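Visitor: Structure provided below as structure tokens; questions to follow.
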Amino acid sequence: MIDAVSFENNTLGYLDQRLLPLKEEYIRTTSYLDAIEAIKTLAVRGAPLIGIVASYTVMLGLNSYNGNKEEFPAYFEKLIAEVEASRPTAVNLFFATARMKEVYDAHFASDSLEELFSKMLAAARKIHNDEIANCENMARHGVELIQQDLAETLKTRKLNVLTHCNTGTLATGGSGTALGVIKHAWQEGLIEKVITAESRPLLQGLRLTAWELEKESIPFLSISDSSSAFLMQKGMIDFGIVGADRIAANGDTANKIGTFAHAVSAARHNVPYYIAAPVSTVDITLSDGSQIPIEERSADELRTIFGNQVATPSTPVLNYAFDVTPNEYIRGIVTDKKAVVGNYTEELKKLVD
Ligand code: MRU
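Everything in the sequence shown is counted per this note's numbering, starting at 255 for the first residue and increasing by one.
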């Protein structure tokens, strides 16, 4: 059982994902600044997990407050702003801080700080528990959709599935979004093999997804990101499924850089390509994907490989952490409420309302 994140006795615990799979180190902290650093450096990562950790980070910030009630609003505003500045793309982070702000707005005037903090802790725990439950629901809807879409192939053999980045327990606290669907599909006997793309430059696919699949004894093969088109051409991939960091109102989807390239290859080879994400990842305020803020990370993530310099320090680098896959490349979006196939603007709105 992987324990991606915990919050006990006002202490945040998390598995340091930068060290996996070679070292399993569980970090504990009561400092909200440490927690923000963990989000920034990807010690914790993956959209739903970022949301969970963000809500617990707010709790750490609250627990270290030692001022009076009058001064609290200014402290709270600054705390929320610091948490929100940690990573820009995964909307789950902003979903989590919005939930915490709602509790604050509803109860600050009438409650003591102690009462307020205990209601906010309940809200943070609910975000965590909801994300775990969301994974189970996505898995159910995703397996049904795959069974329908790939019924013909399933009559004769099991399926090979391509995935990108890490969307499992490490990214959600539950079984996963895309990887949760895959794990359940494998348990149902639908999957022959998982093909996990390495997901450069931080290798979430090669390091983290492979680690999770190995733990669950699910057969898999790791490939370089640039191999997917060739494997599709050879008929080695039956479908693709990935997660999302933010889905615009029209279904355009931001996810780990490289996701769009697999989608283009999938369209070229008639391979169905799905997104799995909880409704908390849908940002209905953005009409299309061009409005999604895309994180750019440091040049050294490319110039070095795990501390080893592989390019000169002066090499100019452009390091987008995410790309946006336009909705026409997406066969279906599997959410915790239902799987949506096409007609995204109308259908996603109904799910969020
Ligand atoms: O930069 P990361 O590792 O946080 O990026 C994670 C992804 O892109 C995942 O695919 C996405 O958050 C969905 S996780 C369930």
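We put the CB at the ideal spot given by N, CA and C, even for glycine. Please read all numbers here as calculations on a predicted model, not as lab measurements.
By Cβ distance, which residues of its chain are closer than 6 Å to Pro275, with the 5 residues on each side in sequence left out?
Guide: Closer than 6 Å at Cβ, skipping near neighbours: Arg461, Trp465.
Visitor: Keeping to the same chain, check which residues put their C-beta closer than 6 Å to that of Ala521; ignore five residues upstream and five downstream.
Guide: The residues are Tyr583.
Visitor: Helix or strand or just coil, what does DSSP make of Asn320?
Guide: If DSSP states are grouped into helix, strand and coil, Asn320 belongs with coil.
Visitor: What is the rounded straight-line gap between the Cα of Ser519 and the Cα of Lys447?
Guide: Distance between the alpha carbons of Ser519 and Lys447: 19 Å.
Visitor: Residues bridged to Ala226 by DSSP?
Guide: Because the chain is modelled from 255 through 607, residue 226 falls outside the range shown and cannot be assessed.
Visitor: Does the Cβ of Arg282 have 16 or more other Cβ atoms within 10 Å, making it buried, or fewer, making it exposed?
Guide: When all chains shown are included, Arg282 counts as exposed.
Visitor: Assuming Gly494 and Ala425 form a contact by the criterion Cβ under 8 Å, report the distance between their Cβ atoms to the nearest whole angstrom.
Guide: Gly494 to Ala425, Cβ: 17 Å. No contact.
Visitor: Going by CA-CA distance only, name the one from Thr599, Gly489, Lys604 that's closest to Thr615.
Guide: With the chain represented from 255 up to 607, any question about residue 615 goes unanswered, as that position is not in the structure.
Visitor: Starting from Asp359, trace the alpha helix (DSSP H) in both directions and tell me its first and last residue.
Guide: It spans 345-361 - the alpha helix (DSSP H) in which Asp359 sits, taken as one unbroken run.
Visitor: In whole angstroms, give me the CA-to-CA distance for Ala352 and Ser309.
Guide: Taking the straight line joining both Cα atoms gives about 10 Å.
Visitor: Between which two residues does the beta strand (DSSP E) containing Gly267 stretch?
Guide: Its beta strand (DSSP E) spans residues 265-269.
Visitor: Check the DSSP bridge columns for Ser260 and list the partner residues they point to.
Guide: Paired residue(s): Gly267.
Visitor: Can the beta-carbon of Tyr286 be found less than 9 Å from the beta-carbon of Val312?
Guide: Result yes, Cβ atoms of Tyr286 and Val312 sit closer than 9 Å.
Visitor: For the beta strand (DSSP E) containing Asn414, list its first residue and its last residue.
Guide: Residues 413-418.
Visitor: Given this structure, state the Cα-to-Cα distance separating Val533 from Thr589, to the nearest angstrom.
Guide: Between Val533 and Thr589, the C-alpha separation is close to 6 Å.
Visitor: For the region 507-586, which segments carrying the alpha helix (DSSP H) assignment without a break, of at least 4 residues, lie completely within its bounds, in sequence order?
Guide: Complete alpha helix (DSSP H) runs here, min 4: 513-522, 554-557.
Visitor: At the level of alpha carbons, what is the spacing between Ala553 and Asn573?
Guide: Distance between the alpha carbons of Ala553 and Asn573: 6 Å.
Visitor: If the criterion is Cβ atoms closer than 9 Å, does the pair Ala344 and Thr535 meet it?
Guide: In contact: Ala344 and Thr535 (Cβ atoms closer than 9 Å).
Visitor: Could you spell out where the beta strand (DSSP E) holding Ser476 opens and where it closes?
Guide: Segment 474-477, the beta strand (DSSP E) holding Ser476.
Visitor: When the Cβ atoms of the region 499-506 are set against those of the region 538-546, are three or more pairs found closer than 8 Å?
Guide: At 8 Å Cβ cutoff, the stretches touch.
Visitor: So, Ala530 versus Ala405, is the Cβ gap smaller than 9 Å?
Guide: No, the pair does not count as a contact, with Cβ atoms beyond the cut-off.
Visitor: Is Gly300 near the ligand MRU, with its Cβ less than 8 Å from a heavy atom?
Guide: Within the cutoff, so yes.
Visitor: Quick check on DSSP: helix, strand or coil for Ile491?
Guide: The answer is coil: DSSP assigns Ile491 none of H, G, I, E or B.
Visitor: To the nearest angstrom, report how far apart Ile587 and Glu368 are at their CA atoms.
Guide: Using only the alpha carbons, I get a separation of about 41 Å.
Visitor: Indicate the three-state DSSP secondary structure (helix, strand or coil) for Val282 in the structure shown.
Guide: Correcting the residue identity first, residue 282 is Arg in this sequence and not Val. Looking at Arg282 - three-state DSSP - the assignment turns out to be strand.
Visitor: Strictly by DSSP, which residues pair up with Ile381?
Guide: None; Ile381 has no bridge partner.
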